[in-house]
Amino acid sequence: MVTYKQDLPPKGGFDPIEFAARGPKRMFNGITQFGLFLGVTGLAWVGWHFVKEIERKEKLELMDARIAVEPFIYAEKDRANSSCSSSSSSSSSSSDSSSCCCSCSKVAAAVVVVVIVVVVVVVVVVVVVVVVVVVVVVPFFLLSLNTVILTQCPHTRLKIVKKNFYYA
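In this text, residue positions in the sequence shown follow the numbering used here: the first is 215, and each later residue adds one.
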């Protein structure tokens, strides 16, 4: 009479065949959960720093724009005070030039933000693909290679059959 190993009570101890059958799946689940935790935490950290860096750059750009425009504003005010007839045209041109400068810097900042976001997304996608290939594809390929080798070698297959069955 042949009795299958799973029908017998466990002996307690390390069973290499059972570990080989169940170990990679448990390892893969643990690695996946840890990887997801690290990925989400890392993305949150990068996003927070990205937002802080954008805010800092916007403040610097506004300060630079104000410093760059201030002499022209004071010059226009001085000219307006000296000639009353040209005050309306000079004030409108100064406001137009400052609004153009601000809108140009906003467009440039938006372009920079879009480029940075695209680069970050591409890098994240490449890293995820590499991690998936290394963590998922390579171990399963190696396991399938091992299975092919074990099933093609009659001597090894006989040993496995003997380990999986108990003769009573």
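Note that beta-carbon positions come from the ideal geometry of N, C-alpha and C, so glycine has one too.
Expressed to the nearest angstrom, what Euclidean distance is found between the alpha-carbon atoms of residue 347 and residue 246? A direct Cα-Cα distance of roughly 12 angstroms separates residue 347 from residue 246.
Can you confirm whether the stretch 318 to 337 touches the stretch 263 to 276 when touching is taken to mean that 3 or more C-beta pairs between the two stretches lie within less than 8 angstroms? With contact defined as three or more Cβ pairs closer than 8 angstroms, the stretch 263 to 276 and the stretch 318 to 337 are in contact.
Considering only heavy atoms of the ligand HEM, does any lie closer than 6 angstroms to the CB of residue 351? For the structure depicted, the ligand HEM is absent and the ligand set is empty, with no information on it obtainable.
Report the three-state DSSP secondary structure of residue 270 (helix, strand or coil). Correct three-state label for residue 270: helix.
Inter-residue spacing [alpha-carbon to alpha-carbon] between residue 282 and residue 320: Here the alpha carbons of residue 320 and residue 282 stand approximately 16 angstroms from one another.
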